[in-house]
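Asker: Residue numbers (this note's numbering): 1 to 200.
Note that beta-carbon positions come from the ideal geometry of N, C-alpha and C, so glycine has one too.
This structure is in structure tokens; I'll ask about it shortly.
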Amino acid sequence: MSVHHPGSRAGSGVSLKAIRESVMHGGSKSLFATLNVVPMIDLFTMLVIFLIMQFSASGELMLVNPNVAMPKAGAKRELDRAPIVALTKWQGKDAGDLLFENNKVLSQKDINEVKFPTWDIKPLAEVLKKNWQNQQKATGHDAQKTKELRSNRKIIIQADRTVPFGVVKMVMATCGRNEYREPNFAIMVSPAGDEGGAAK
């Protein structure tokens, strides 16, 4: 039987020293390709801006406090953007909080006729007056904007179903005495309805 010369083997052209250096030092080239995330961030930024504009245009953008389980109702209308007063959930005998634009004003346990016999909750009244003044400044003394502001005194009240009605009434009275005379109650629409909205 004739004898043949063996062919070249895989890796026969690579020295043992080169293999050892590649294993110990990772070689001169990385196996991981770099990924440029800047275009991806730009894309997501544009998407977020687009969604916010869409929600704002349809009047559906409203921050709902996770600690507020709003009551359900069948009648509804779309909400306009307005300042938000939230009354959070009671945990047994532990009272919830009163929030204005998601900032705590005071605990609901301090809202009673003994402390506020005239139904004017002073801490909330101060916040409402300050917010109204800021809204007036934002008009820049423009006559048309000032007229629109004075004709629109809406405020949104998000009240959890566990909040005593007496507390809700005192909040409504305080809002009415401090420039915000058109309360709108944020609700969850019952299965018979089709979207979220407000009861006036």
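1) Which of helix, strand or coil does DSSP assign to A186?
2) Considering only the alpha carbon of each residue, which of E101, L47, T88 and R81 lies closest to K238?
3) Where DSSP assigns a beta bridge to K72, which residues make up the other side?
4) If you reduce the DSSP assignment to three classes, tell me which class D201 lands in.
5) What residue range does the alpha helix (DSSP H) around Q133 cover?
6) Drop a sphere of 10 angstroms on the beta-carbon of V105, count the other beta-carbons inside from all chains shown, and report buried for 16 or more, exposed for fewer.
7) How far does the alpha helix (DSSP H) with K169 in it reach, from first residue to last?
8) Between the stretch 100 to 119 and the stretch 164 to 174, do three or more beta carbon pairs fall short of 8 Å?
9) In this structure, what does DSSP give as the bridge partners for I84?
10) Between the alpha carbons of F100 and L43, how many angstroms are there, rounded?
11) Rounded to whole angstroms, what's the CA-CA distance from L149 to L47? Just pull it up for me.
Answerer: With the given structure in hand:
1) strand
2) No information on residue 238 is available, as it lies outside the stretch 1 to 200 that the chain covers here.
3) M188
4) Absent from the structure is residue 201, since the part of the chain shown begins at 1 and ends at 200.
5) K122 to A138
6) buried
7) F165 to R177
8) yes
9) I156
10) 34 Å
11) 31 Å
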